[in-house]
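Asker: 43 is the number of the first residue of the sequence shown in my numbering; add one for each residue after it.
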Amino acid sequence: MAKALARHILVKTEAEAEQLKKRLDKGDDFAVLARKHSICPSGKRGGDLGEVRPGQMVRVIDQVIFKKPVRVIHGPVKSQFGYHLVQVFFRD
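Here is the structure:
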C-alpha cells in the first residue's frame with residue numbers, strides 16, 4: 043500500500059495561508075512557522091503529519107499528498123478545517 047511522509051500548516055483564512063506561503067518562498071523555516079501559526083495539533087511537531095496512507099486525510103489533502111509533486115509547498119488548499127500549506131517529503 044502507498045504511503046507518504048508529509049507536513050502541513052493549517053490556518054483559518056486564505057489570506058493568512060498566502061502570507062505564510064510568501065514567507066516560505068523567501069526561505070523562512072517551515073517547522074518554525076507551523077509551530078507559531080498552525081491551528082492543527084501537528085503544529086507542535088512543526089507540522090509533521092508523519093507517515094500517511096491514502097484515505098487517512100480529508101480528500102483534498104489526500105490528493106495533494108498522493109498526486110502532486112514532492113518537495114514542493116502546495117496550497118493554499120481549502121478543506122472544511124481551513125486552509126492548508128502542504129509539503130510532501132517522499133511517497134512510495
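Beta carbons are placed, not taken as given, at the ideal position from N, Cα and C, and that holds for glycine.
Under the three-state reduction of DSSP, which class applies to Ile81: helix, strand or coil?
Answerer: Position 39 of the sequence shown, counted from the first residue, corresponds to residue 81. Reduced to three states, the DSSP call for Ile81 is coil.
Asker: Which residue comes first and which comes last in the alpha helix (DSSP H) that contains Ala48?
Answerer: Position 6 of the sequence shown, counted from the start, is the residue given in the question as residue 48. That residue, Ala48, is in no alpha helix (DSSP H); its beta strand (DSSP E) goes 46-53.
Asker: Kindly give me the distance between the Cβ atoms of Leu135 and Leu52, rounded to whole angstroms, as I take these residues to be in contact under 8 Å.
Answerer: Only positions 43 to 134 of the chain appear in this structure, which leaves residue 135 out of reach.
Asker: What are the boundary residues of the alpha helix (DSSP H) that includes Lys64?
Answerer: As a working mapping, residue 64 is identified with position 22 in the sequence shown. Counting along the chain, the alpha helix (DSSP H) containing Lys64 begins and ends at 56-67.
Asker: Could you name each continuous beta strand (DSSP E) segment of 3 residues or more that falls completely within the segment 85-116, going from the start of the chain to the end?
Answerer: 90-94
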